[in-house]
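Quick note, the sequence shown lines up with residues 1195 to 1412 if you use our numbering. Read through the structure below, which is laid out as structure tokens, and then see the notes.
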Amino acid sequence: MRPTPDFMHWWLEANTCFDDCHTPDELFGETSRLTRALGFECFAWGRRRAVPFSQTCPWFTGTYPAEWLGAQNQCPPPGLLFWDEQQDAIGSLHGHGCGATFTQRSRDGTWQVLCVARRKGVIKATERLPLKLQLRSLLELLEEHLERVEGIYSPILLSERETSILRWIADGKCSKGIAAILELSEHTVNFHIKSILRKFDSPNRVLAAARAAALGLI
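Structure (structure tokens):
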């Protein structure tokens, strides 16, 4: 679907408003304003990072009740889910007639969720596709601008050779086997592996390969 002029105007305005935010609280305040403008009384945003592997529960914030935000222990499946009064629907909120939940995986393997709810007025068929575009755009804008204001995103940059070696490590090959496959000396392979371990701050090659896979780097 080609974006309509109305959608492009909405996106440009939303992007400008996010540009003016300097803290996470300001970003979430702007998200609240934008979701209300879409006809929803409250929202919840959640994030679950790909690593560390032991932290499997997402963290939620927003204008949903605190009890709801603190009780969530899983991310919904990717894509868009519409719900009504069904209390077992992921993202559903007791006392609100209908809403939607959009989930997607970002480039570093992080799962992000945006839930919106309102008490009255079913979500019509004509609303669904525009709402999908808007919720997806809000998630992408939040990801981009949270990285900016939090200053925590530092991508791991791998050379082409390091990426190739990591893939063979993930396939179970040892240094000698990788050297034979890539027609390199074993010393050269081990040199690259040491560089990989430094970049991932990892004690061993297997964990580095696992993290690279989780982050979508191999």
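Where a beta carbon is used, it is the ideal one built from N, C-alpha and C, also for glycine.
DSSP places G1256 in no alpha helix (DSSP H) but in the uninterrupted beta strand (DSSP E) bounded by 1253-1256. Pairwise C-beta distances place the segment 1394-1401 out of contact with the segment 1335-1343, as fewer than three of them are shorter than 8 Å. In chain order, W1205 place their CB closer than 6 Å to the CB of S1331, counting only its own chain and leaving out the 5 sequence neighbours on each side. In the three-state DSSP reduction, L1274 falls in the strand class (E or B). Contact annotation: I1350 and K1393 have beta-carbon atoms nearer than 8 Å. Around D1278, the same chain offers C1292 as residues with beta carbons nearer than 6 Å, after the five sequence neighbours per side are excluded.
Sequence-distant partners of A1311 (beyond 5 residues in either direction) whose C-beta falls short of 7 Å from its own C-beta, in its chain, are F1234, E1235, C1236, L1287, H1290, G1293. DSSP places Q1306 inside the beta strand (DSSP E), whose first and last residues are 1305-1312. A distance below 6 Å between beta-carbons, with the five flanking residues on each side excluded, links L1409 to the following residues of its chain, in chain order: A1244, D1302, G1303.
Counting along the chain, the unbroken alpha helix (DSSP H) around Q1328 starts and ends at 1319-1344. Per DSSP, R1243 lies in no alpha helix (DSSP H) segment and is marked neither H nor E. The three-state secondary structure of G1371, taken from DSSP, is helix. By DSSP's assignment, F1296 forms a beta bridge with L1274, L1308. In the DSSP assignment, C1215 is bridged to no other residue. The beta carbons of K1367 and E1380 sit no closer together than 8 Å.
Nearest C-alpha to S1389 among L1411, S1353, D1200: S1353. Between the alpha carbons of A1208 and T1255 lies a distance of about 20 Å.
Rounded to whole angstroms, I1372 and T1357 show a C-alpha spacing of 12 Å. Taking every protein chain shown into account, the CB of T1297 has 16 or more other CB atoms within 10 angstroms, so this residue is buried. For I1387, the enclosing alpha helix (DSSP H) starts and ends at 1380-1394.
Among the bridge pairs identified by DSSP, C1236 is matched with A1311. In this structure, the CA atom of I1375 is about 26 Å from the CA atom of D1395. By the beta-carbon neighbour count (other beta carbons within 10 angstroms, threshold 16), Q1266 is buried.
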